[in-house]
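Okay, structure first, notes after.
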Amino acid sequence: MTVWVEADLCNGCRRCLKACPYGAIEFSGEKASVLERCTSCGACIEVCRQSAMKSDIRPRSVPDFSDRKGIWVFAEQRNGQLAHGALELLGKARQLAAELGEDVCALLLGHGVSQLAETLIRYGARTVYLAEHEALADYRTLPYTDVLEDLIERHRPGILLMSATHIGRDLAPRLSRRVGAGLTADCTDLEVDPDEKILLQTRPAFGGNVMATIVNRYSRPQMATVRPGVMEAHQRPGNEGRVVTTPVSIHEKSIAAKLLGAVREKKDAVKLCEAKVIVAGGRGVGDAGGFRVLEELAEIVNGAVAGTRVAVEEGWISADRQVGQTGQSVRPELYIACGISGAIQHRAGMLNSRYVVAINKDPRAPIFQVADWGIRGDLREVVPELVRQLKSEVRQA
Amino acid sequence: MDIVVLIKQVPDSSEVKLDPKTGHLLREGIGAIMNPDDRHALEAAVRLKEAHGGRIVVLSMGPAQAIDVVSEAIGMGADEAVLLSDSAFAGADTWATSSTLGKAIEKIGKYDLIICGRQAIDGDTAQIGPQVAEYLGLPQVTYVFDIEAVTDGTVVVKKRLEDGYEKVQCDLPALLTVIAEVNRTRYPAIGNLIDACGEQAPITIWNAADIGVMTCDVGLAGSLTHVIRTFAPKGGRQTQMLEGDTGTVVRTLLEKLRENHLVLTDSGVLSAECREGKLS
Ligand SMILES: Cc1cc2nc3c(=O)[nH]c(=O)nc-3n(C[C@H](O)[C@H](O)[C@H](O)COP(=O)(O)OP(=O)(O)OC[C@H]3O[C@@H](n4cnc5c(N)ncnc54)[C@H](O)[C@@H]3O)c2cc1C
Ligand SMILES: Cc1cc2nc3c(=O)[nH]c(=O)nc-3n(C[C@H](O)[C@H](O)[C@H](O)COP(=O)(O)OP(=O)(O)OC[C@H]3O[C@@H](n4cnc5c(N)ncnc54)[C@H](O)[C@@H]3O)c2cc1C
Chain A
10 MTVWVEADLC
20 NGCRRCLKAC
30 PYGAIEFSGE
40 KASVLERCTS
50 CGACIEVCRQ
60 SAMKSDIRPR
70 SVPDFSDRKG
80 IWVFAEQRNG
90 QLAHGALELL
100 GKARQLAAEL
110 GEDVCALLLG
120 HGVSQLAETL
130 IRYGARTVYL
140 AEHEALADYR
150 TLPYTDVLED
160 LIERHRPGIL
170 LMSATHIGRD
180 LAPRLSRRVG
190 AGLTADCTDL
200 EVDPDEKILL
210 QTRPAFGGNV
220 MATIVNRYSR
230 PQMATVRPGV
240 MEAHQRPGNE
250 GRVVTTPVSI
260 HEKSIAAKLL
270 GAVREKKDAV
280 KLCEAKVIVA
290 GGRGVGDAGG
300 FRVLEELAEI
310 VNGAVAGTRV
320 AVEEGWISAD
330 RQVGQTGQSV
340 RPELYIACGI
350 SGAIQHRAGM
360 LNSRYVVAIN
370 KDPRAPIFQV
380 ADWGIRGDLR
390 EVVPELVRQL
400 KSEVRQA
Chain B
120 MDIVVLIKQV
130 PDSSEVKLDP
140 KTGHLLREGI
150 GAIMNPDDRH
160 ALEAAVRLKE
170 AHGGRIVVLS
180 MGPAQAIDVV
190 SEAIGMGADE
200 AVLLSDSAFA
210 GADTWATSST
220 LGKAIEKIGK
230 YDLIICGRQA
240 IDGDTAQIGP
250 QVAEYLGLPQ
260 VTYVFDIEAV
270 TDGTVVVKKR
280 LEDGYEKVQC
290 DLPALLTVIA
300 EVNRTRYPAI
310 GNLIDACGEQ
320 APITIWNAAD
330 IGVMTCDVGL
340 AGSLTHVIRT
350 FAPKGGRQTQ
360 MLEGDTGTVV
370 RTLLEKLREN
380 HLVLTDSGVL
390 SAECREGKLS
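First to last, the sequence lines map onto chains A and B. Read in order, the letters of the first sequence correspond to residues 10 to 406 in the working numbering. Read in order, the letters of the second sequence correspond to residues 120 to 399 in the working numbering.
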């Protein structure tokens with residue numbers, strides 16, 4: 010397959026140049042040309058308004074999916090506790106449902122977890138499909154895949170969302186291959202295309218340096234995993250929902266993987282995703298002692314301490330407090346970045362914060378570009394001063 | 120113990136950037152490397168081979184220049200390499216990639232274990248492992264950071280969770296995806312590297328016809344998802360730099376926060392929405 014440019018038709022608008030994910034289009038003068046590294050992905054063909062991009066890719070017809078309805082959310086739970094990401098997905102699903110005029114269903118699998126259905130309904134589910142069985146008590150790939158496949162075959166949803174957690178990223182690709190559906194990974198934004206009524210799924214790739222919008226045109230359900238922490242959970246106290254119990258038959262023998270034991274490493278897992286204020290530190294904090302001042306600040310404002318990968322690598326904070334591409338995504342009301350340069354991989358995890366304050370001694374640090382308020386200065390002076398003024402505020406009150 | 124290791128050639132990702140003006144992916148002069156997780160996958164295979172004997176075949180789908188990473192893999196201890204290269208494979212999403220890799224593994228035929236990286240640093244999806252496992256009907260264990268034992272047709276591994284780990288026993292044949300924590304990788308032996316680049320190098324190149332796939336089932340044509348737009352991540356906020364001595368800037372900051380209804384010391388932050396009861 011090849012893609013080429015009909016030079017007479019090209020008007021030099023450069024839409025193709027912007028659209029090409031592979032940097033395979035070049036402009037010499039006012040005409041586009043296609044370079045060797047082209048993968049025939051077709052992105053340029055879609056955006057060209059002159060029909061100047063030609064290819065021998067055979068056009069594919071989009072199957073009729075008019076019978077595929079409903080937005081499904083996989084309600085991940087472990088040890089009887091719902092993952093916060095599941096509630097976030099429900100928030101997003103309700104928003105999509107309003108645009109599509111469809112209903113939101115949650116899928117709850119486990120053993121002795123029926124009481125969680127109520128929470129799912131409170132956060133927006135209209136139907137909860139409940140599948141309970143001993144063999145579903147702990148997450149295991151194959152029995153979970155079997156149950157979900159069965160539900161999908163019977164109820165034929167249009168969209169299925171899962172959190173991009175360790176469980177979600179184990180289960181979603183397995184299930185997608187099983188049911189013949191395309192899958193978009195680790196999305197940070199979901200919208201409905203106003204014309205085609207399909208899901209526009211936006212996600213970071215290339216280590217966060219590039220954002221890509223992906224569609225799932227040729228298969229159903231449109232499946233996506235969504236990065237935890239980027240969508241908002243909303244309680245809907247008046248929401249009414251029903252619980253539908255689904256029969257499960259699993260043969261223990263067919264489960265090829267046996268759980269020998271599980272170890273939970275931290276008793277009080279850090280819930281950065283739920284913190285309203287995050288005080289984050291980077292290399293500029295200097296040492297573990299420096300983090301004690303940040304902790305003091307966090308304590309006064311009832312917030313949580315987090316940091317960059319450098320802070321984790323230096324051993325100043327634990328790995329579960331890392332914010333960013335390979336850490337957690339957070340969306341606090343206030344993010345205070347202290348001695349953080351603002352590398353793209355770090356920003357990827359904190360961009361959804363409502364307000365950002367950056368304290369850095371280098372005025373060119375990229376963190377300032379994503380801050381609402383910037384303080385150019387030494388954090389060893391600024392942070393203690395912040396603590397002092399806040400304390401005196403408390404005393405006055 | 121016959122092992123197939125999946126490796127991908129990737130751009131040295133930390134350097135890939137979009138030109139902020141054109142939105143064009145700037146790949147000029149960027150090196151191509153073996154995906155970091157895959158290096159650990161290969162190392163894990165080599166250690167299993169050292170302990171239990173057997174053969175290691177590495178498999179990679181990519182353009183002709185991906186021969187560099189399969190050669191390197193032979194230098195690190197793989198016995199044989201297969202490079203899947205055909206213009207029909209280009210533009211594949213993970214569905215089409217997993218079909219293609221799955222077909223090729225069926226053709227390779229003999230294996231007890233398939234090991235791949237958890238995630239490639241360019242596509243970043245972490246979907247290939249589980250999709251190949253499903254294609255082949257094998258059990259899978261993902262996020263593996265310790266391969267403890269291989270006995271009696273099973274493998275015992277530890278898999279990472281967000282807040283701890285699980286120890287899992289899995290029937291063979293199986294597919295594992297590994298994370299960097301699993302081992303420390305070795306440098307390729309120079310002698311092996313020289314052999315890997317020679318005429319006699321045990322590298323086979325297969326195209327679509329060789330593995331018996333139709334071009335409409337692979338590459339872009341066989342994909343279910345499509346990238347319709349790429350753009351640079353949005354950064355910009357209206358940044359206001361606060362000026363003055365330390366006492367002043369902190370005072371100004373607290374005023375600004377209050378103006379925006381962020382009252383820090385009133386049992387945490389209360390934003391305007393929280394007050395109106397919109398947020399939980
Ligand atoms: C694939 C990949 C994934 C990654 N994932 C993540 C991730 O998830 N999260 C993450 O954070 N990083 C991640 N990184 C690393 C990232 O690229 C950066 O290296 C890292 O975020 C930098 O951390 P930093 O800001 O603490 O350190 P630096 O970049 O060294 O910045 C330190 C800053 O502190 C300032 N400073 C120094 N002293 C003071 C002082 N006394 N007062 C005030 N300011 C001071 C300096 O001016 C500087 O701006 C990833 C990288 C890669 C390649
Ligand atoms: C910007 C962008 C975004 C994309 N987003 C999606 C998406 O959301 N959904 C989707 O289906 N596709 C997506 N793709 C396509 C996807 O990158 C390709 O299908 C790619 O071939 C495999 O995915 P990956 O790089 O994410 O691999 P991963 O699944 O992250 O790789 C895991 C492991 O699988 C093995 N592996 C992966 N690729 C190969 C290979 N070619 N040869 C041998 N072993 C391999 C390696 O061991 C690797 O460590 C995207 C592509 C781009 C450019």
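Idealized CB from N, CA, C, for every residue including glycine.
Rounded to the nearest angstrom, the Cβ distance from V137 (chain A) to A115 (chain A) is 5 Å, consistent with a contact under 8 Å. In this structure, the straight-line span from the alpha carbon of A84 (chain A) to that of D212 (chain B) is close to 26 Å. Within the same chain, V137, N248 and G250 come within 7 Å of I130 (chain A) by CB-CB distance, once the 5 residues on both sides are set aside. The C-beta of V188 (chain B) comes no closer than 9 Å to any C-beta of chain A. For K267 (chain A), the chain B residues whose Cβ falls inside 8 Å of its Cβ are V287, Q288 and C289, in order along the chain. If you check each beta-carbon in the segment 210-229 of chain A against every beta-carbon of chain B, the ones closer than 9 Å belong to Q210, T211, R212, P213, A214, F215, G216, G217, N218, V219, M220, A221, T222, I223, V224, N225, R226, Y227 and S228. N379 (chain B) reaches chain A at Y364, counting residues in chain order whose Cβ is nearer than 7 Å. The CB of H345 (chain B) comes closer than 9 Å to the CB of C50, G51, A52, E55, G191, I223, V224, N225, R226 and Y227 in chain A, given here in chain order.
Minimum Cα-Cα distance from I298 (chain B) among the listed residues B:L291, B:D336, B:V382 and B:K278 corresponds to B:K278. For Q378 (chain A), a Cβ of chain B is located within less than 9 Å of the residue's own Cβ. Only exposed fits I309 (chain B), as fewer than 16 other CB atoms lie within 10 angstroms of its CB.
Residues of the segment 334-347 of chain A with a Cβ closer than 7 Å to any Cβ of chain B, in chain order: E342 and L343. For D198 (chain A), the uninterrupted beta strand (DSSP E) run begins and ends at D198 to V201, by DSSP. Remark: C-beta atoms of T296 (chain B) and A245 (chain B) approach each other more closely than 9 Å.
Going by C-alpha positions, A266 (chain A) is about 23 Å away from H159 (chain B).
Scanning B:V269, B:D271 and B:A293 for the CA closest to the CA of E253 (chain B) turns up B:A293. Proximity of T323 (chain B) to chain A, defined by a Cβ-Cβ separation below 9 Å, is not satisfied. For D243 (chain B), the CB falls within less than 8 Å of some heavy atom of ligand 2.
The Cβ neighbour count for V272 (chain A), taken over all protein chains shown within 10 Å, is under 16; the residue is labelled exposed. Between T211 (chain A) and T197 (chain A), the C-beta spacing is below 9 Å.
Following the DSSP letters along the chain, one finds Y284 (chain B) inside the beta strand (DSSP E) bounded by residues G283 to D290.
In terms of side-chain proximity, the C-beta atom of A221 (chain A) is found nearer than 8 Å to a non-hydrogen atom of ligand 2.
Taking a C-beta cut-off of 8 Å against chain A, the contacting residues of the segment 188-222 of chain B are S206, A207, A209, G210, D212, T213, W214 and S217, listed in chain order. In the three-state DSSP reduction, H345 (chain B) falls in the strand class (E or B). The C-beta of S185 (chain A) comes closer than 9 Å to at least one C-beta of chain B. According to the DSSP assignment, S75 (chain A) belongs to no alpha helix (DSSP H), since it is labelled neither H nor E. Relative to ligand 2, K222 (chain B) has its C-beta separated by 8 Å or more from all heavy atoms. Secondary structure note for M195 (chain B): it is in no beta strand (DSSP E), and the uninterrupted alpha helix (DSSP H) holding it is I186 to M195.
For T273 (chain B), the secondary structure class from DSSP, reduced to helix, strand or coil, is strand. Cβ neighbours of P130 (chain B) within its own chain (closer than 7 Å, five residues either side excluded): R146, I149, A151 and D241.
At a cut-off of 8 Å, the beta-carbon of S350 (chain A) counts as near ligand 1: some heavy atom of the ligand is closer than that. Here G290 (chain A) is near I326 (chain A), since their CB atoms are less than 9 Å apart.
In summary, no residue of the segment 152-169 of chain A has a CB separated from any CB of chain B by less than 7 Å. It is roughly 12 Å from the alpha-carbon of Y364 (chain A) to the alpha-carbon of Q359 (chain B). Listed in chain order, the positions of the segment 288-321 of chain B with a beta carbon within less than 8 Å of a beta carbon of chain A are Q288, C289, D290 and A293. Nearest CB-CB separation between M180 (chain B) and chain A: not below the 9 Å threshold.
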